Amino acid sequence: MIPMTKICLSWSGGRDSMMMLDKIGTAHGLLTTFQKASSTMMMHEVPLELVKIQAEALGIPLYPVLFEDTPSNKQYEETMGTAVHGLLHEGFTEMAFGDLFLAEIRNYREKQLESSGLQPVFPLWGEDTKSLSKRFIQRGYRAIIVCVDEEQLDSSFLGREYDESFLQDLPEHVDPCGENGEFHSFVFDGPLFAFPVPFSIKGTFQKWERFGYVRLET
């Protein structure tokens, strides 16, 4: 008897995560990291409540992992190890990541899951980022920009919808999928959604004198 594959996605709620799900067609869980104090997603600052609604709209269970605001590498790896153990206990066999071309990050993920019992998979690896960005729009997905690295992209891009106009306005040095950390997004609607995620933008803020964010609320 062939064992059943049960896959969990390393989920940011953004465009690449969405296209990973779109490509594989199904998933049994979404693993997302959040800061305890603020109940917002690490790096993206999207509220936990919004990600819960997003997961509900997609019909996939959310597995939130909570961290202190600035965990050490050791604390991060220990907490993620506990999360992986929990996934194994629930019968998960694979963890999928939406990485596209950064080999250093892929190698890190593979090392972290080595001998864990979870098989790392990279459904989007090697895909052309220009083609992927256009396919996201053509498939009917909608996302907004929730974070920009102001050393790479102007803060005026914050809060914009990820559409053809956005792509046309990007400077040439910025990857259209933001794979170098230029920006992050939040997907709120599309063909796999049972309903659009309701949200409103309540201003902007900055962290670490470099990253600009929109403040999202339900």
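In UniProt numbering, the protein residues as written are 1 to 218.
Ideal Cβ placement from N, Cα and C applies to all residues, glycine included.
Predicted model, so just to flag it, every value in this text is computed and none were measured.
Check, Outcome
"N- and C-terminal bounds of the beta strand (DSSP E) containing Arg-109", "It is not in any beta strand (DSSP E) - Arg-109 instead sits in the alpha helix (DSSP H) that spans 103-113."
"Length-filtered (4 minimum) alpha helix (DSSP H) runs lying within the stretch 143-175", "164-169"
"At least three beta-carbon pairs within less than 8 Å, the stretch 34-41 to the stretch 126-140", "no"
"Exposure of Gln-75, with buried meaning 16 or more beta-carbon neighbours within 10 Å", "exposed"
"8 Å CB neighbourhood of Glu-49 in its chain, flanking five on each side removed", "Ser-39, Thr-218"
"Span separating the alpha-carbon of Pro-61 from that of Asp-149", "30 Å"
"Limits of the alpha helix (DSSP H) - the one that Met-20 falls within", "15-24"
"Test item: CB-CB of Leu-118 and Phe-92 under 8 Å", "yes"
"Candidates Thr-79, Asn-73, Leu-158: closest to Phe-66 by CA position", "Note on residue identity: the sequence assigns Leu, not Phe, to residue 66. Comparing Cα-Cα distances from Leu-66 to each of Thr-79, Asn-73, Leu-158, the minimum goes to Thr-79."
"Thr-129 Cβ short of 7 Å to the ligand NAP heavy atom set", "With respect to the ligand NAP, the structure offers nothing, as it holds no ligand at all."
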